[in-house]
Amino acid sequence: MKKLFLGLVVLMLAVAVSAKDKGEKTNTDMESTAAVALTGTVYDSDSGETLVGVEVQLEGTTEKAYTDFDGKFTFENVKPGDCKIVANYISYNKATETLKLDGKKNEVKIQLKNSN
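Residue numbers (my numbering): 5 to 120.
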């Protein structure tokens, strides 16, 4: 009886250790999937002035940001890799930028051309 009980305890410990190992991620796994930030500034292509209130969207998502008084926008927790952002503003042509996001500085400058 004691041998059976001891055998069950050893088996349960082995299963518990095995389950724990499968659930853990290594540091390299976490680094490759860690979210990054994307910042940028939107300018008028003719005057070079920054534009306030421009809608900037990550294409293929519902994530949107609007430029502040300095023409700047920020997206937090963006998945690394290739992405497209679309900038849209009244009286300006829509602009699309393709970017490769990584763990480094992710900054973009977008120029919008007046549609008039």
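Glycine residues also receive a C-beta, built at the ideal position from the N, C-alpha and C atoms.
Given the structure is predicted, the values throughout are model-derived calculations rather than measurements.
Exercise. When the Cα atoms are used, what is the spatial distance from residue 65 to residue 51?
Worked result: For the purposes of this step, residue 65 is identified with residue 61 of the sequence shown, where counting begins at 1. For the purposes of this step, residue 51 is identified with residue 47 of the sequence shown, where counting begins at 1. If I take the Cα positions, the gap works out to 31 Å.
For this session: Quick one: using the 10 Å Cβ neighbour count with 16 as the cut-off for buried, is residue 71 buried or exposed?
Result: Here residue 71 corresponds to residue number 67 of the sequence shown, with the count starting at 1. It counts as buried.
For this session: With distances taken Cα to Cα, identify the nearest neighbour of residue 100 among 90, 60, 79, 106.
Result: Translated into positions along the sequence shown, residue 100 becomes position 96. Residue 100 has its Cα closest to that of 90, out of 90, 60, 79, 106.
Problem set entry | Reduced DSSP category for residue 69 - H, G, I as helix; E, B as strand; rest coil | Residue numbering aside, residue 69 sits at position 65 when the sequence shown is read from its first letter. In this structure, DSSP gives residue 69 an extended state, which the three-state scheme calls strand.
For this session: Please state whether DSSP places residue 120 in a helix, a strand or coil.
Result: Residue 120 sits at position 116 when you count from the first residue of the sequence shown. Reduced to three states, the DSSP call for residue 120 is coil.
For this session: Whole angstroms is fine: what's the gap from residue 92's alpha carbon to residue 56's?
Result: For the purposes of this step, residue 92 is taken as residue 88 along the sequence shown, with counting starting at 1. For the purposes of this step, residue 56 is taken as residue 52 along the sequence shown, with counting starting at 1. The alpha-carbon atoms of residue 92 and residue 56 are separated by roughly 11 Å.
For this session: For residue 53, name the three-state secondary structure that DSSP assigns.
Result: By one-based count along the sequence shown, residue 53 stands at place 49. The three-state secondary structure of residue 53, taken from DSSP, is coil.
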